[in-house]
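*Asks:* Residue 186 in the UniProt record's numbering sits at position 186 of the sequence shown, with consecutive numbering throughout.
Quick reminder that beta carbons are idealized off the backbone N, C-alpha and C, glycines included.
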Amino acid sequence: MNKIDIRHVEVVQYISPLREGGSLPAIVKADDDFLYVLKFRGAGQGKKALIAEFIGGEIARTIGLHVPELVFMNLDDSFSKTEPDEEIQDLLKFSVGLNLGLHYLSSAITFDPLASDIDSMTASKILLMDSIISNIDRTAKNTNLLVWNKEVWVIDNGASFYFHHNWQTWENHLTRTFPLIKDHVLLEFAKNLKEAAIIITDKLTDQKIQEIISLIPEDWLENESDPFSPDEIRAAYITYLQAKLSMIDKLVKEAEDAR
1 MNKIDIRHVE VVQYISPLRE GGSLPAIVKA DDDFLYVLKF RGAGQGKKAL
51 IAEFIGGEIA RTIGLHVPEL VFMNLDDSFS KTEPDEEIQD LLKFSVGLNL
101 GLHYLSSAIT FDPLASDIDS MTASKILLMD SIISNIDRTA KNTNLLVWNK
151 EVWVIDNGAS FYFHHNWQTW ENHLTRTFPL IKDHVLLEFA KNLKEAAIII
201 TDKLTDQKIQ EIISLIPEDW LENESDPFSP DEIRAAYITY LQAKLSMIDK
251 LVKEAEDAR
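(1) Applying the 10 Å Cβ sphere with the 16-neighbour rule, what's the burial state of His8?
(2) Using the Cβ count rule (16 or more neighbours within 10 Å means buried), how would you classify Ser131?
(3) Given a threshold of 16 other Cβ atoms within 10 Å of its Cβ, counted over all protein chains shown, does Ile198 qualify as buried or as exposed?
(4) Within its chain, find whatever has a CB closer than 8 Å to the CB of Leu128; leave out the 5 residues flanking it on each side and keep chain order.
(5) Nearest-angstrom Cα distance between Gln207 and Asn2?
(6) Run the CB neighbour count on Val12, radius 10 Å, all protein chains shown included, and call it buried at 16 or more, exposed below.
(7) Evaluate contact between the stretch 47-57 and the stretch 130-147, counting only Cβ atoms and requiring at least three cross-stretch pairs below 8 Å.
(8) Between Ile27, Arg259, Lys203 and Ser16, which lies nearest to Val185 when the distance is taken from Cα to Cα?
(9) From Ile212, Asp156 and Phe161, pick the residue whose C-alpha is nearest to that of Leu38; which is it?
(10) Tell me whether Ile15 is buried or exposed, calling it buried when 16 or more other Cβ atoms sit within 10 Å of its Cβ.
(11) Are the stretch 137-156 and the stretch 87-99 touching, with three or more C-beta to C-beta distances below 8 Å?
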């Protein structure tokens, strides 16, 4: 099984904000001369959104979905000093340090369930993955999917793992299914759920889960308001994912019933 290799790059140019995103991500250029969509640690949901984005993206890649390359992006304090827009200036100021970037897919278009094509297996994998990671934000209103080179690409997993916004009650989520799957944009297309479940459980081994979680930057896991240490938080993510995979048959049935 291929080892995950996440590159580190430096932001060298802030190009433009993406104002359709609630957290005000931006297109930036890095020192490798590529463009990225930068997700900021200083945005509304903070570092936890970056963690969710990272785990969700690497899980999607592991199970064979198309995901833009994820990189760790270092942002220095020079950008906020030259930014005239006060809102963006504050965002840049609070985001100095390690952020998350997604390789920018130039000329990609937003997936439209009424006009875009998607095969049943891809739809089934995405839908089941979103059940596993409790992604509340892949609806017809906001698909968080792109079409690029005639293929569907998974982006924006930052609303996943919402239990981590309250660590006091996280264990209550271990045995829950995901009723919100009824609102998933791909529900009607996902007709290979049982086959997708086999692929997911085969690819997403305990070893692979531990590898993904081990790559979360340490300082993303450090929050004064959290009652747990970084190691305890890593263990919680692993336990959560293992619990969801152990009940994947229930998640399949829930989605089939919803459809």
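*Replies:* By the coordinates alone:
(1) The Cβ neighbour count for His8, taken over all protein chains shown within 10 Å, is under 16; the residue is labelled exposed.
(2) It is buried - the Cβ of Ser131 has at least 16 other Cβ atoms within 10 Å.
(3) Exposed is the call here.
(4) So the qualifying residues of the chain are Ala190, Leu193, Ala196, Ala197, Ile200, Ile248, Leu251, Val252 and Ala255.
(5) Rounded to the nearest angstrom, the two C-alpha atoms are 12 Å apart.
(6) Answer is exposed; the Cβ neighbour count stays below 16.
(7) Contact holds: three or more Cβ-Cβ distances are below 8 Å.
(8) For the set Ile27, Arg259, Lys203 and Ser16, the Cα lying nearest the Cα of Val185 is the one of Arg259.
(9) Comparing alpha carbon positions, the residue from Ile212, Asp156 and Phe161 closest to Leu38 is Asp156.
(10) Exposed is the call here.
(11) As far as the Cβ criterion goes, the stretch 137-156 does not touch the stretch 87-99, which means the pair count is below three.
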